[in-house]
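Here the sequence shown is numbered in numbering that gives the first Met the number 0, starting from 0 and rising by one per residue.
First comes the structure, then the notes that go with it.
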Amino acid sequence: MPEVRCHFISVIMGTFKSIWYIIAVFFVSALNMIKDLKLQNFPSTMALVGLGIFFIVMLVCFLYHFLRWRRTKIYIEDETLIIARKQLSQSKTTVKLSSISTVNLQQNLFERIFDVYSLQLDINSSATAEKVDFHLVFSKPLAFAFKDHILAYIDTESDAPDAASEQQAENVKNNQITEETIISFRFKEVILHCILNFSIIGLLSSIALIAALLWTFNTETPGLSRVIIPTILSATLAVIPFIYKSITAFLLYYGFTLKKNGDKVLISYGLFTKRQFTLPLDKTNALVIKQSFQARFFNLAYGEIINVGMGDSTNNQAPLFCLLVKPETLQQVIRQIAPEFVLDQIPERSPKSALLPTSIPWLFFGILAVIGFTLFFKGWIGWLILAFFALCAYLSSITKALQLYENKISISTGIFQKRTITVFYGKIQNMSVKYGPISNRLGLYKGEVSILSSMENRSNNIGYFPKERFTAIENQIMSHESLPLQK
Numbered sequence: 000m001p002e003v004r005c006h007f008i009s010v011i012m013g014t015f016k017s018i019w020y021i022i023a024v025f026f027v028s029a030l031n032m033i034k035d036l037k038l039q040n041f042p043s044t045m046a047l048v049g050l051g052i053f054f055i056v057m058l059v060c061f062l063y064h065f066l067r068w069r070r071t072k073i074y075i076e077d078e079t080l081i082i083a084r085k086q087l088s089q090s091k092t093t094v095k096l097s098s099i100s101t102v103n104l105q106q107n108l109f110e111r112i113f114d115v116y117s118l119q120l121d122i123n124s125s126a127t128a129e130k131v132d133f134h135l136v137f138s139k140p141l142a143f144a145f146k147d148h149i150l151a152y153i154d155t156e157s158d159a160p161d162a163a164s165e166q167q168a169e170n171v172k173n174n175q176i177t178e179e180t181i182i183s184f185r186f187k188e189v190i191l192h193c194i195l196n197f198s199i200i201g202l203l204s205s206i207a208l209i210a211a212l213l214w215t216f217n218t219e220t221p222g223l224s225r226v227i228i229p230t231i232l233s234a235t236l237a238v239i240p241f242i243y244k245s246i247t248a249f250l251l252y253y254g255f256t257l258k259k260n261g262d263k264v265l266i267s268y269g270l271f272t273k274r275q276f277t278l279p280l281d282k283t284n285a286l287v288i289k290q291s292f293q294a295r296f297f298n299l300a301y302g303e304i305i306n307v308g309m310g311d312s313t314n315n316q317a318p319l320f321c322l323l324v325k326p327e328t329l330q331q332v333i334r335q336i337a338p339e340f341v342l343d344q345i346p347e348r349s350p351k352s353a354l355l356p357t358s359i360p361w362l363f364f365g366i367l368a369v370i371g372f373t374l375f376f377k378g379w380i381g382w383l384i385l386a387f388f389a390l391c392a393y394l395s396s397i398t399k400a401l402q403l404y405e406n407k408i409s410i411s412t413g414i415f416q417k418r419t420i421t422v423f424y425g426k427i428q429n430m431s432v433k434y435g436p437i438s439n440r441l442g443l444y445k446g447e448v449s450i451l452s453s454m455e456n457r458s459n460n461i462g463y464f465p466k467e468r469f470t471a472i473e474n475q476i477m478s479h480e481s482l483p484l485q486k
């Protein structure tokens with residue numbers, strides 16, 4: 000592809016991102032100046048000087064981003080994406096197309112006005128797994144041309160890399176009509192997903208905070224007016240995060256659709272900011288099935304797909320490939336997009352004897368809470384905390400599960416929320432096994448496996464199971480081909 004630049008609007012966006020806080024201060028100052036003018040008072044000299052400094056800073060930032068944009072060229076040469084920048088210090092970034100794990104398109108409200116797209120590229124590397132590797136702003140035709148060209152190369156067989164040409168990119172465009180819609184979610188289904196995915200820990204913390212404030216309010220007789228206002232304010236602040244999360248989640252996942260095109264899946268969603276992820280399935284490291292505490296009552300689950308470095312550019316979370324549905328429906332979706340990840344066996348639960356070593360750390364801190372609250376405050380609060388910790392230990396023990404397949408492993412963990420990750424043995428980077436004197440006497444070990452992923456999904460704990468299970472996992476890891484690391 001020929002040399003191109005990002006769209007000029009990227010200069011304006013970069014300038015705004017650099018000085019948005021200065022613009023906010025200037026806006027407040029401008030309101031005061033307008034107020035002075037209405038009162039027929041001319042702005043002070045300091046205000047005019049500040050206005051001049053603001054425009055100078057804005058001009059400097061604009062020139063910086065303009066020169067950076069002007070001297071940056073982007074092109075694809077053979078098998079490589081090249082970003083060349085010629086300034087005082089020249090730089091040239093080269094990326095092999097084969098290392099690109101995801102090609103994502105995003106368009107916010109501002110970008111929609113100018114009909115441009117943000118092209119986000121992630122590479123299959125642990126070094127950059129926590130961020131978007133390349134963020135390029137192009138016009139709509141150019142963004143789709145880059146996307147199609149890269150995907151065409153990814154589709155090319157490794158023994159014929161030169162076939163990733165313009166003709167193949169055109170073929171990808173023509174084949175888009177064969178896209179198969181796997182599942183889509185209506186308005187009420189998105190709302191249900193948002194409602195049932197509140198953080199139970201956050202909810203309990205907020206309830207505890209409100210209860211403590213109300214208790215203080217009922218026991219405080221003098222200075223009633225000084226107590227009621229902070230109480231109402233604190234209760235409001237405790238509720239706002241849940242309302243905010245529900246609204247933003249709905250705006251985020253509005254119009255959620257999952258499609259499949261050949262060996263790639265396409266995930267699109269968003270109301271104001273539209274996002275589209277294109278995932279080559281051969282670069283998928285794992286699938287994660289999650290159930291929030293509330294969703295477990297309704298027997299609902301949702302799925303996340305893990306490609307290294309891939310995720311939402313804001314929170315860098317692994318993107319969802321399916322919202323809350325029945326587990327059977329979720330397995331049907333997985334069977335359609337990646338049948339090798341289907342879980343068709345009943346997992347092995349952690350033995351009942353594992354409750355003892357699991358409970359020890361929980362009960363230890365619970366007993367400390369009882370002692371502390373009994374000595375310095377009210378003992379019943381400590382006993383309440385101990386009961387809560389005992390419940391956490393029990394839920395943690397019964398939630399843990401493990402299932403070994405011929406070429407993959409599924410691991411379930413959680414307390415209130417349940418999380419099940421499915422990963423191939425060849426994708427596991429390492430495994431560690433631990434045991435204490437009590438668990439060793441019971442013949443139980445616990446462990447942890449690490450995969451190539453972002454921080455959230457990199458380490459995966461395995462509960463207490465017979466040591467033979469860990470020996471079997473070790474043998475499977477050794478017998479399967481390891482995942483080649485890319486730095």
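Glycine residues also receive a C-beta, built at the ideal position from the N, C-alpha and C atoms.
- Listed in chain order, the alpha helix (DSSP H) runs fully inside the segment 83-153 are 108-112, counting runs of at least 4 residues.
- Here P350 carries a coil assignment [DSSP, helix/strand/coil].
- The beta carbon of L191 is closer than 7 Å to those of L323 in its chain, skipping five residues each way along the sequence.
- Within its own chain, the residues whose Cβ lies closer than 6 Å to the Cβ of F65, once the five positions on either side in sequence are excluded, are V10, listed in chain order.
- Annotation for L299: L323 place their beta carbon closer than 6 Å to its own, counting only its chain and skipping 5 residues before and after.
- A check of alpha carbon separations from F388 across F363, L120, T398 identifies F363 as the nearest.
- Sixteen is the threshold: when 16 or more other Cβ atoms of the shown chains lie within 10 Å of the Cβ of L120, as they do, the residue is buried.
- Within the segment 426-474, the runs of beta strand (DSSP E) at least 3 residues long that lie entirely inside it are, in chain order, 427-433, 443-450, 458-465.
- Remark: C-beta atoms of V341 and Y252 do not approach each other more closely than 7 Å.
- DSSP places P1 in the coil class of the three-state scheme, outside both helix and strand.
- Comparing alpha carbon positions, the residue from Y152, F143, I370 closest to G381 is I370.
- Separation of the CB atoms of P346 and S409 is rounded to 6 Å, and the pair is thereby assigned contact status at 8 Å.
- The C-alpha of F320 lies about 17 Å from the C-alpha of A294.
- Here R70 carries a coil assignment [DSSP, helix/strand/coil].
- About 4 Å separates the beta carbons of A285 and I305, which is inside the 8 Å limit, making them a contact pair.
- Counting the other Cβ atoms within 10 Å of the Cβ of M454 gives fewer than 16, which makes it exposed.
- Assigned with DSSP and collapsed to three states, E76 falls in strand.
- DSSP, reduced to helix, strand and coil, places R274 within a strand of the structure shown.
- Taking the CA atoms as reference points, G425 sits about 37 Å from R185.
- Assignment of A337 by DSSP, reduced to helix, strand and coil, places it in the coil class.
- With a threshold of 16 other beta carbon atoms within 10 Å, M12 meets it and is buried.
- A straight-line Cα-Cα distance of about 15 Å links T79 and V3.
- The three-state reading of DSSP puts I384 in helix, counting H, G and I together.
- Where F320 is concerned, the enclosing beta strand (DSSP E) starts and stops at 319-324.
- Here the alpha carbons of H479 and K139 stand approximately 43 Å from one another.
- Between A353 and Y463, the C-beta spacing is below 7 Å.
- Three or more beta-carbon pairs drawn from the segment 105-117 and the segment 259-277 are found closer than 8 Å, and the two stretches are therefore classed as touching.
- Put simply, of K72, I266, N406, D154 the residue whose alpha carbon is nearest the alpha carbon of Q475 is N406.
- As the crow flies, the alpha-carbon of N460 is around 45 Å from that of I21.
- With contacts defined as CB atoms closer than 7 Å, L278 and T101 qualify as a contacting pair.
- Annotation for P360: no residue places its beta carbon closer than 6 Å to its own, counting only its chain and skipping 5 residues before and after.
- In the three-state DSSP reduction, Q344 falls in the coil class, being neither helix nor strand.
- Annotation for I410: the continuous beta strand (DSSP E) segment containing it runs 407-413.
- The three-state secondary structure of F376, taken from DSSP, is coil.
- In the three-state reduction of the DSSP assignment, R295 falls in the helix class.
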